[in-house]
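Chains as they are written, first to last, in my numbering: chain A, 1 to 314; chain B, 1001 to 1314. Quick reminder that beta carbons are idealized off the backbone N, C-alpha and C, glycines included. One structure is given below, encoded as structure tokens.
Protein chains: 2
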Amino acid sequence: MSTGFPPRVFIQEVVTRDGLQIEPCFLPTEDKVALIDALSQTGVAKIEVTSFVSPRAVPNLADAREVARAIRRWPDVTYVALVPNLRGAQEALEAGMDELNLVLSVSETHNLANMRMTTAQSLEGFRAIVAAAAGTRVSLNGSIATAFGCPFEGVQPAEKVLDLVEAYLAAGLQSVTLADTTGMANPRQVFALVSGFRARFGGVPLTLHFHNTRGMGLANALAALEAGADRFDASLGGIGGCPFAPGATGNISTEDFVHMLGQMGIETGVDLPALLALARSLPALLGHDIPGQVAKAGRSGDLHPVPAHLRAAQ
Amino acid sequence: MSTGFPPRVFIQEVVTRDGLQIEPCFLPTEDKVALIDALSQTGVAKIEVTSFVSPRAVPNLADAREVARAIRRWPDVTYVALVPNLRGAQEALEAGMDELNLVLSVSETHNLANMRMTTAQSLEGFRAIVAAAAGTRVSLNGSIATAFGCPFEGVQPAEKVLDLVEAYLAAGLQSVTLADTTGMANPRQVFALVSGFRARFGGVPLTLHFHNTRGMGLANALAALEAGADRFDASLGGIGGCPFAPGATGNISTEDFVHMLGQMGIETGVDLPALLALARSLPALLGHDIPGQVAKAGRSGDLHPVPAHLRAAQ
Chain A
1 MSTGFPPRVF IQEVVTRDGL QIEPCFLPTE DKVALIDALS QTGVAKIEVT
51 SFVSPRAVPN LADAREVARA IRRWPDVTYV ALVPNLRGAQ EALEAGMDEL
101 NLVLSVSETH NLANMRMTTA QSLEGFRAIV AAAAGTRVSL NGSIATAFGC
151 PFEGVQPAEK VLDLVEAYLA AGLQSVTLAD TTGMANPRQV FALVSGFRAR
201 FGGVPLTLHF HNTRGMGLAN ALAALEAGAD RFDASLGGIG GCPFAPGATG
251 NISTEDFVHM LGQMGIETGV DLPALLALAR SLPALLGHDI PGQVAKAGRS
301 GDLHPVPAHL RAAQ
Chain B
1001 MSTGFPPRVF IQEVVTRDGL QIEPCFLPTE DKVALIDALS QTGVAKIEVT
1051 SFVSPRAVPN LADAREVARA IRRWPDVTYV ALVPNLRGAQ EALEAGMDEL
1101 NLVLSVSETH NLANMRMTTA QSLEGFRAIV AAAAGTRVSL NGSIATAFGC
1151 PFEGVQPAEK VLDLVEAYLA AGLQSVTLAD TTGMANPRQV FALVSGFRAR
1201 FGGVPLTLHF HNTRGMGLAN ALAALEAGAD RFDASLGGIG GCPFAPGATG
1251 NISTEDFVHM LGQMGIETGV DLPALLALAR SLPALLGHDI PGQVAKAGRS
1301 GDLHPVPAHL RAAQ
């Protein structure tokens, strides 16, 4: 920890994509749009708006096109869509997204379960997406799912993960996300893999995507920060999970993470009170409680009044 | 993180003290005893059995005497009781506890609210307890509540906390706990305070006591480990909180912490499957869900069977 932390961390909000996809009920399009428009004004760096995926596979995101068209665009926010294949990429390009987030799993079994393709087929498919985006100003990010462990195959070798990063870069992608899809990562592993990434790929932009499945979400984020990571996905309220990953639960909570960073003196540019107000609106929207803690407990600095009988005694 | 972690961490279970005191219902004495007897066989280093406190102040622990007498004693486990004053200490000594845990708050306002005394009065009272324990084999630990922040007064200066440690040692106490009573600590602060403790007090045994009030519990534990801490309080299921501390919620979950340490290759000597079985018994005992995550999600290494349609395809 003595080596210090990055002075500034970029917060990438994924609540309307990863957050919503496993929800029991469909959030109406207008509510999604209102939520994204409100998030656009909180200071987050990116918003993963939706996923252009088959409505049969993820019914909750069946309105991807409508959402992408209806949201307002803030100049300082990068609007991202997850795309599983060329068709999704074409829809995302037509919808004017700023960035496409491609995804495959380093675990062959998880890729078959999640994408219905082998990893090699996924990579091959990415070439067509790169071609489709060529000549546009749209940037391409490559996500590596199960980078810290697969619920079917277990921990994946770091070398295999980093080789896949190399394949991404060779295919023409500009940045990479290492995703702990089902919350299997631990801090020591995170520090080692992020350090390994930095050593091999230098300044290639890297995002970390953690779930709090086993309570280690913010501990893993801390370990990543210590290894120099400065971009993180997080989900408002800590909701979310992958419908094709057994045992997956919520992403790290955006407001809890922003709160921790603020307490540590690390700049995010995010308006925490605005974020907390949005997090507190989620239970009414979703019909259930949220995992995020700060929305319930208040910020560390929100002091309580001294009890009346003590004020009298003092 | 490059400086490494302690090779072995001591787990101190507080579920039947800190865990139960804020519960809405009284857990029957026989259930407490059965839980402690089961915990004695999991490999935890200490168990904080109960608190010898006024039954009016903490009705849930009104059976302190009965519990302390009825539990079985395992030779490798240190049995501790929290004592707020001389009367409590005498009862704990009569009940044959191995260790007394004295407590005061570094925040004057919190001490008044929690102990109904000034900090100076608390310290003065400790002299009588030290005298009462003299000549016995009972060890004395001093806890500093609100060491990382007070819900009434805010963050307390590190110097003030460490001066209190010195006062504890001067009074004849052998070991110290720094308690984040209402979950206000952040990792940077934890690293600094634990490092400051180590620099000033060398090998004096130090326990860290964290709550997960704002989601930072395990991140704070990680920061403490990095500063060399190797003793931690934790509560089965992550239940608990201080009835006199507004906004206080559960302790860090014993099973989630032991799981994280195991994944990081740090030895605890604790039987995680046994601990998970006990954590999973809590909802039936308490009548509500528990915050602990691993009891729900399973361990990172608990793999799922490959889906049948993929096995057929391979």
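Backbone CA spacing between residue i and residue j [nearest angstrom]
{"i": "A:I71", "j": "A:F148", "result": "33 Å"}
{"i": "A:L285", "j": "B:H1304", "result": "32 Å"}
{"i": "A:F191", "j": "A:H209", "result": "14 Å"}
{"i": "A:T268", "j": "B:R1299", "result": "32 Å"}
{"i": "B:A1038", "j": "B:A1045", "result": "13 Å"}
{"i": "B:P1084", "j": "B:V1053", "result": "6 Å"}
{"i": "B:Q1263", "j": "B:R1280", "result": "20 Å"}
{"i": "A:L225", "j": "A:F197", "result": "13 Å"}
{"i": "B:P989", "j": "A:M97", "result": "The question about residue 989 of chain B has no answer here: the residues shown for chain B are numbered 1001 through 1314."}
{"i": "B:E1030", "j": "B:E1124", "result": "36 Å"}
{"i": "B:G1004", "j": "B:V1155", "result": "28 Å"}
{"i": "A:Q314", "j": "B:S1122", "result": "Here A:Q314 scores only 47 on pLDDT, less than 50, and its place in the model is too uncertain to base an answer on."}
{"i": "B:A1145", "j": "A:V161", "result": "44 Å"}
{"i": "B:P1151", "j": "A:D302", "result": "8 Å"}
{"i": "B:V1321", "j": "B:V1306", "result": "Past the edges of chain B, shown from 1001 to 1314, lies residue 1321 of chain B, and the structure says nothing about it."}
{"i": "B:D1076", "j": "B:L1169", "result": "26 Å"}
{"i": "B:A1089", "j": "B:G1287", "result": "32 Å"}
{"i": "B:Q1189", "j": "A:L310", "result": "29 Å"}
{"i": "A:T207", "j": "A:T177", "result": "4 Å"}
Closest by C-alpha distance to residue i, when choosing among the options
{"i": "A:I36", "options": "A:L20, A:T268 and A:P24", "result": "A:L20"}
{"i": "A:L27", "options": "A:D63, A:L236, A:A45 and A:P7", "result": "A:D63"}
{"i": "A:T22", "options": "A:I239, A:D180, A:V161 and A:Q263", "result": "The amino acid occupying residue 22 of chain A in the given sequence is Ile; Thr does not appear at that position. For the residues A:I239, A:D180, A:V161 and A:Q263, the minimum Cα distance to A:I22 belongs to A:I239."}
{"i": "A:E66", "options": "A:E91, A:N186 and A:R87", "result": "A:E91"}
{"i": "A:M117", "options": "A:R127, A:S105 and A:A128", "result": "A:S105"}
{"i": "A:N114", "options": "A:K160, A:D98, A:P75 and A:V58", "result": "A:V58"}
{"i": "B:L1167", "options": "B:R1127, B:A1132 and B:L1278", "result": "A quick correction: the sequence has Ala, not Leu, at residue 1167 of chain B. If we check each option's Cα against that of B:A1167, B:R1127 comes out closest."}
{"i": "A:P7", "options": "A:A179, A:G135, A:A227 and A:S175", "result": "A:A227"}
{"i": "B:L1282", "options": "B:S1143, B:T1119, B:L1236 and B:L1169", "result": "B:L1236"}
{"i": "B:F1010", "options": "B:Q1293, B:P1273, B:Q1189 and B:D1230", "result": "B:D1230"}
{"i": "A:A308", "options": "B:R1200, B:L1112 and B:V1258", "result": "B:L1112"}
{"i": "B:A1297", "options": "B:R1311, B:H1259, B:A1120 and B:T1136", "result": "B:H1259"}
{"i": "B:T1181", "options": "B:S1195, B:L1278, B:V1103 and B:L1086", "result": "B:V1103"}
Beta-carbon contacts of residue i that lie in its chain and below 6 Å, excluding the five residues immediately before and after
{"i": "B:L1193", "result": "A1158"}
{"i": "A:E153", "result": "S107 and T109"}
{"i": "B:L1276", "result": "E1255 and A1295"}
{"i": "A:G43", "result": "G269, V270 and D271"}
{"i": "B:N1060", "result": "L1020, Q1021, E1023 and F1026"}
{"i": "B:G1217", "result": "F1210 and I1252"}
{"i": "B:Q1293", "result": "D1256"}
Residues near residue i in its chain [Cβ-Cβ closer than 8 Å; skip 5 each side]
{"i": "A:E48", "result": "Q12, E13, V14, T16, R17, D18, V80, A81, L82, N101 and D233"}
{"i": "B:V1130", "result": "L1140, A1171, G1172 and L1173"}
{"i": "B:N1212", "result": "G1183, L1218, G1238, T1249, G1250, N1251, I1252, S1253 and P1291"}
{"i": "A:R214", "result": "G183 and M184"}
Range covered by the beta strand (DSSP E) that runs through residue i
{"i": "A:D233", "result": "R231 to A234"}
{"i": "A:T177", "result": "S175 to A179"}
{"i": "A:G142", "result": "S139 to A145"}
{"i": "A:S51", "result": "K46 to S51"}
{"i": "A:A81", "result": "T78 to V83"}
{"i": "B:L1102", "result": "E1099 to S1105"}
{"i": "A:T207", "result": "L206 to H209"}
Span of the alpha helix (DSSP H) around residue i
{"i": "A:H288", "result": "Element bounds for A:H288: n/a, residue is neither H nor E."}
{"i": "B:Q1189", "result": "P1187 to F1201"}
{"i": "B:Q1121", "result": "T1119 to A1133"}
{"i": "B:Q1012", "result": "Premise fails: B:Q1012 lies in the beta strand (DSSP E), F1010 to E1013, not in any alpha helix (DSSP H)."}
{"i": "A:H304", "result": "Unbroken run through A:H304: none, as it is neither H nor E."}
{"i": "A:F257", "result": "T254 to Q263"}
{"i": "A:V366", "result": "Residue 366 of chain A lies beyond the residue range present for chain A, which begins at 1 and ends at 314; the question has no answer from this structure."}
{"i": "B:R1069", "result": "A1064 to A1070"}
{"i": "A:Q41", "result": "Careful: A:Q41 lies outside any alpha helix (DSSP H) and carries neither H nor E."}
{"i": "B:N1315", "result": "Because chain B here runs from 1001 to 1314, residue 1315 of chain B falls outside it and cannot be looked at."}
Same chain, Cβ closer than 7 Å to residue i, neighbours up to 5 away in sequence not counted
{"i": "B:R1069", "result": "A1095"}
{"i": "A:A179", "result": "S143, I144, A145, A147 and H209"}
Quiz item: Residues in the region 164-189 of chain A with C-beta within 9 Å of chain B's C-beta atoms, listed in sequence order?
Solution: T182, G183, M184, A185, N186, P187, R188 and Q189
Quiz prompt | Near-chain B residues of the region 129-163 of chain A (beta-carbon distance less than 7 Å), N- to C-terminal order | solution = G149, P151, F152 and G154
Quiz item: Which of the residues in the region 1281-1302 of chain B, read from start to end, lie with their CB under 9 Å from any CB of chain A?
Solution: P1291, G1292, Q1293, V1294, K1296, A1297, G1298, R1299, S1300, G1301 and D1302
Quiz prompt | Interface positions of the region 1260-1275 of chain B facing chain D (Cβ-Cβ less than 8 Å), listed along the chain | solution = Absent from the structure: chain D. Protein chains present are A and B.
Quiz item: If contact means a Cβ-Cβ distance below 8 Å, which residues of the region 112-123 of chain A contact chain B?
Solution: L112 and A113
Quiz item: What are the residues of the region 214-227 of chain A that lie near chain B, defined by any Cβ-Cβ distance shorter than 7 Å?
Solution: R214, G215, M216, L218, A219, L222, A223 and E226
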